[in-house]
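Position 210, counted from 1, in the sequence shown is what numbering that gives the first Met the number 0 calls 209; the numbers after and before it change by one each time, with no gaps.
Glycine residues also receive a C-beta, built at the ideal position from the N, C-alpha and C atoms.
Model, not experiment: these values are computed from the prediction.
Comments concern the structure below.
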Amino acid sequence: MPIAIVGLNFGRFILEALAREPANRFFRLAAVCDTDSDKCTNFARTWGVKAFSSLDALLTDPEIPAIGLFTGPEGRADLLRKILMAGKDVMTTKPFERSPTAAQRILETARAQGRIIHLNSPAPRVTGYLEKIHSWREDYALGRPIHCRGEVLASYREAADGRWLDDPAACPAAPIFRLGIYVLNDLIHLFGPVRDVQVQSSRLFTGRPTADTAQLGMTFCNGALGSIFSTFCVDSGQYYANSLILHFERGTIHRNLGPFAYGMAGACSRLRLITTDGKNNTITEDWEQNEGAGDYQWEEFFRAVTTRDTSSMPIENTVHGLEVIAAMARAEVSHRTEPVQTS
Numbered sequence: 000m001p002i003a004i005v006g007l008n009f010g011r012f013i014l015e016a017l018a019r020e021p022a023n024r025f026f027r028l029a030a031v032c033d034t035d036s037d038k039c040t041n042f043a044r045t046w047g048v049k050a051f052s053s054l055d056a057l058l059t060d061p062e063i064p065a066i067g068l069f070t071g072p073e074g075r076a077d078l079l080r081k082i083l084m085a086g087k088d089v090m091t092t093k094p095f096e097r098s099p100t101a102a103q104r105i106l107e108t109a110r111a112q113g114r115i116i117h118l119n120s121p122a123p124r125v126t127g128y129l130e131k132i133h134s135w136r137e138d139y140a141l142g143r144p145i146h147c148r149g150e151v152l153a154s155y156r157e158a159a160d161g162r163w164l165d166d167p168a169a170c171p172a173a174p175i176f177r178l179g180i181y182v183l184n185d186l187i188h189l190f191g192p193v194r195d196v197q198v199q200s201s202r203l204f205t206g207r208p209t210a211d212t213a214q215l216g217m218t219f220c221n222g223a224l225g226s227i228f229s230t231f232c233v234d235s236g237q238y239y240a241n242s243l244i245l246h247f248e249r250g251t252i253h254r255n256l257g258p259f260a261y262g263m264a265g266a267c268s269r270l271r272l273i274t275t276d277g278k279n280n281t282i283t284e285d286w287e288q289n290e291g292a293g294d295y296q297w298e299e300f301f302r303a304v305t306t307r308d309t310s311s312m313p314i315e316n317t318v319h320g321l322e323v324i325a326a327m328a329r330a331e332v333s334h335r336t337e338p339v340q341t342s
């Protein structure tokens, strides 16, 4: 299926993904679009595809049924509305939007119109590692969730460039908003909705006016506690592991605690279950799969578009993740516990 990629800052990485398995079995790059016309022309020439310097012009092309939208999250719902009104389906990325209300409206509009909007987190199809965690919880009767912790490490030395990444209002607690959101969406899926949050953030190395290290504390509606730590300042080679520690009444599950070979932590999922048999004996079980957090599910997108299956859009979890982000943004400024306001 022909697809056009809109937004060539982050979108340039998607161009490379489309040239590889599994994406290239389902989609063919047909065009690129960016308001920077020189950049757009250069990418179009490199990839041998059409170039569009405006979204409006691209949407008039009848030969392109699918759009990959990889612009910043602020106001993305308005761009998605344009795309839907042009009769096209969309793959986009996290963070989905800054406004939970706008996100809910556009996702509901897509469903009502029989159009597809997919993103990589939360994913349309539950990942293998989340399915395995659910299975272990049931098979070993692990009981109620008690506490969870997520961690995402990276090593960036960025400079301010005037984009949304430099705006504390558009990019709150930046390491959580940009990277920790994968973990946040997983924890919402596993532990349920969040009641209130607290935030700590710091600037250590970054050249941007936004934080490069942040920690989000959460109280879930079921009483469980949780936290997410994310930073752009640690070079341990364990990039994007999206590590999890999940404590239940009768056991603990770890995901990707490592160590992994340099730069390979984000490419697979390793789980370890630790529980007991009720007779003072420890039970452990391990599981591994070549699947990362936040992988783009191109096959699922193709299936949904070709079958018009709108049920695969996780509207509730997508919106609630943004409601938690909105509370996080308030907490970073107020330095107080902030309630998560749900729609």
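Secondary structure in the region 166-232: the alpha helix (DSSP H) runs of 4 residues or longer, each lying completely within the stretch, are 180-190 in chain order.
Residue pairing from DSSP places R27 in a beta bridge opposite P1. In this structure, L256 keeps its C-beta atom at 8 Å or more from the C-beta atom of A102.
Looking only at L178, V151, L152, the smallest Cα-Cα distance to L164 is reached by L178. Runs of the alpha helix (DSSP H) lying entirely within the region 18-80 and spanning at least 4 residues, in chain order: 36-46, 54-57. Around the beta carbon of A325, 16 or more other beta carbons lie within 10 angstroms, which makes this residue buried. Counting every other CB atom within 10 Å of its CB across the protein chains shown gives L203 a total below 16, marking it as exposed. Rounded to the nearest whole angstrom, the CA to CA distance from D276 to Q199 is 39 Å. Taking 8 Å as the cut-off, the beta carbon of C220 is found closer than this to the beta carbon of P192. Bounds of the beta strand (DSSP E) holding H253 are 250-254.
Look at the beta carbons and you see the region 296-304 touching the region 98-117: at least three pairs across the two are nearer than 8 Å. Residues of the same chain with a CB within less than 8 Å of the CB of L79, apart from the 5 flanking positions on each side, are L68, V89, T91, I105, A109, I116 in chain order. A distance below 6 Å between beta-carbons, with the five flanking residues on each side excluded, links D138 to no residue of its chain. Between the C-alpha atoms of A260 and P61 there is a straight-line separation of about 46 Å. Contact between Q237 and L152 holds: their C-beta atoms lie close to 6 Å from each other, under 8 Å.
Around the C-beta of S134, fewer than 16 other C-beta atoms lie within 10 Å, and the residue is accordingly described as exposed. Only residues of its own chain outside the window of five on either side were considered, and among them I4, F69 have a CB closer than 6 Å to the CB of G10, listed in chain order. Straight-line spacing of the CA atoms in T40 and R249 works out to 58 Å.
By the beta-carbon neighbour count (other beta carbons within 10 angstroms, threshold 16), Q214 is buried.
Distance from the Cα of L245 is smallest, within the candidate group S226, S235, G127, for S226. If you look at S134, you'll find it in the alpha helix (DSSP H) that goes 127-138. Its chain contains G149, I175, L215, I227, G320, V323, I324 as the residues whose beta carbon lies nearer than 8 Å to that of L183, once the 5 sequence neighbours on both sides are disregarded; these appear in chain order. DSSP, read as helix, strand or coil, puts T309 in helix. Ranking A85, A30, D37 by CA distance to the CA of D55 puts A85 first.
If you draw a straight line from the Cα of G293 to the Cα of M312, it is about 15 Å long. Approximately 5 Å separates the beta-carbon atoms of H146 and L224; this is inside 8 Å, confirming the contact. The straight-line gap separating the alpha-carbon atoms of R19 and F51 is approximately 23 Å.
Here DSSP, grouped into helix, strand and coil, assigns V89 to strand. The C-beta separation of L28 from L14 comes to about 6 Å, placing the pair in contact by the 8 Å criterion. One thing to note: P167 has its Cβ no nearer than 8 Å to the Cβ of P123.
Shown here for A169: same chain residues with a beta carbon closer than 6 Å to its own, the five before and five after excluded, namely E73, W163 in chain order. Assigned with DSSP and collapsed to three states, E299 falls in helix. Cβ neighbours of V339 within its own chain (closer than 7 Å, five residues either side excluded): V193, R194, D195, V196, E322, V323, A326. By alpha-carbon distance to N23, the top candidate from I132, P1, D35 is P1.
By DSSP's assignment, C147 forms a beta bridge with G225, L245.
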